[in-house]
Amino acid sequence: MNVLIVYPEAGNTVTGNLCSARQYKDILTDLGHDVVLSEKFEGQRAELLIAINAQKKNRDIVQFAESYPDSKIVVILSGTDIYPEPSESSFHSMQLAHSIIALQNKGAKQVPDKMKEKVHVIIQSVVNEGPYSGIESNRKSFDVALVSNLRQVKDPFLAAEAARMMPQESNLRILHAGFVLDSGFDEIARNESNENERYQWLGGLDPFETRKLISSCNLLIITSKHEGAGRVVGEAIVSGVPIISTRVDGVTGVLGDDYEGLFPVGDASALAALLQRAEMEEGFLNNLKRSCMSKAFNFDPSAEKDSWNKVLEDLFG
1409 MNVLIVYPEA GNTVTGNLCS ARQYKDILTD LGHDVVLSEK FEGQRAELLI
1459 AINAQKKNRD IVQFAESYPD SKIVVILSGT DIYPEPSESS FHSMQLAHSI
1509 IALQNKGAKQ VPDKMKEKVH VIIQSVVNEG PYSGIESNRK SFDVALVSNL
1559 RQVKDPFLAA EAARMMPQES NLRILHAGFV LDSGFDEIAR NESNENERYQ
1609 WLGGLDPFET RKLISSCNLL IITSKHEGAG RVVGEAIVSG VPIISTRVDG
1659 VTGVLGDDYE GLFPVGDASA LAALLQRAEM EEGFLNNLKR SCMSKAFNFD
1709 PSAEKDSWNK VLEDLFG
């Protein structure tokens, strides 16, 4: 079967959507299909369109539906599609879709009731390609990875603010990997790196370097205001790295509402308190790690492949 996967324009930036597109291409190719990736629909003929991001790819979805009414459409829901609530264009894309993919269970609940019968939950798998030879270890520091492109919805400088609140005896370092997606954030990141000894912006990293960073750190933090299903959740868990995160569905949909490493969106003081506990209390850090590792089964590549096979069987018989 000929499959076209469209995803939001990334330019020279490595985004979660681009990584997802590449992963879906690999899975569907393994299932025996011919797959093409594109940032936009330009008339390409396909039996199946997979659109990543219902809102941003609405125009492509509409044009494809008009061009090839006998073909099928699958829409992958990104965080901004459904949080805080679906936009009109997201809703329209879901209407046109023959199948809707949510990336965690709570994401499925955001889909309007009359379209829930089209929803499949497919958690994105992570291949454990380790061991990674991470960045050079600094044994005197407590290293925390922040893997977040610099855009408003990610609240990218909350971690730096929290780092400034740490006690003098703390050896915390925030190592922030991310491309600049919102204007002006590069200057803020550079200034923060120069003025805050506990924060270092590494710029954008490729997927392999990102996994090396995560693997080399004591902890991963997520500061997003909204998160559909952050890829780094699975990457950290599979790498054996515990997580501290804002209480957002993209994390609680995997780790659970009672996970100990959660703090309110935008609350730098609460984040600082959790970071201090993680650094100073070995038992707390170990509890976080055990909780995360108990969810590792969710990221099995064979399970994701089987789920995609079922979606295609449901669509095409």
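Those letters in the sequence shown? Residues 1409 to 1725, by the working numbering. We put the CB at the ideal spot given by N, CA and C, even for glycine.
Cα-Cα separation, residue i to residue j
{"i": "K1480", "j": "V1411", "result": "10 Å"}
{"i": "I1652", "j": "K1514", "result": "19 Å"}
{"i": "L1445", "j": "N1602", "result": "39 Å"}
{"i": "S1501", "j": "R1453", "result": "19 Å"}
{"i": "A1567", "j": "R1606", "result": "10 Å"}
{"i": "Q1463", "j": "T1437", "result": "26 Å"}
{"i": "S1556", "j": "H1584", "result": "7 Å"}
{"i": "L1628", "j": "L1426", "result": "21 Å"}
{"i": "G1611", "j": "T1618", "result": "11 Å"}
{"i": "Y1415", "j": "D1521", "result": "26 Å"}
{"i": "G1586", "j": "G1658", "result": "19 Å"}
{"i": "L1679", "j": "F1550", "result": "15 Å"}
{"i": "D1614", "j": "R1639", "result": "14 Å"}
Buried or exposed (CB count within 10 angstroms, at least 16 for buried), residue i
{"i": "G1592", "result": "exposed"}
{"i": "Q1532", "result": "buried"}
{"i": "D1722", "result": "exposed"}
{"i": "P1672", "result": "exposed"}
{"i": "Q1512", "result": "buried"}
{"i": "V1535", "result": "exposed"}
{"i": "N1420", "result": "exposed"}
{"i": "D1563", "result": "buried"}
Bridge partner(s) assigned by DSSP for residue i
{"i": "I1484", "result": "I1460, I1509"}
{"i": "A1553", "result": "L1583, L1628"}
{"i": "L1670", "result": "S1653"}
{"i": "L1696", "result": "Looking at the DSSP assignment, L1696 forms no beta bridge with any residue, so it has no partner."}
{"i": "L1558", "result": "V1588"}
{"i": "V1535", "result": "For V1535, which the question treats as bridged, DSSP gives no partner whatsoever."}
Three-state secondary structure (DSSP) of residue i
{"i": "F1499", "result": "helix"}
{"i": "D1489", "result": "helix"}
{"i": "I1582", "result": "strand"}
{"i": "T1423", "result": "coil"}
{"i": "A1711", "result": "helix"}
{"i": "L1412", "result": "strand"}
{"i": "D1665", "result": "coil"}
{"i": "L1445", "result": "strand"}
{"i": "V1529", "result": "strand"}
{"i": "Q1684", "result": "helix"}
{"i": "A1454", "result": "coil"}
{"i": "V1470", "result": "helix"}
Proximity test, residue i beta-carbon vs the ligand MG heavy atom, cut-off 6 Å
{"i": "A1567", "result": "Among the ligands in the structure shown, none appear at all, so the ligand MG cannot be discussed."}
> Can you list, in chain order, the stretches of the beta strand (DSSP E) that have 3 or more residues and sit fully within the stretch 1592 to 1654?
Replying inline: 1607 to 1611, 1627 to 1630, 1651 to 1654
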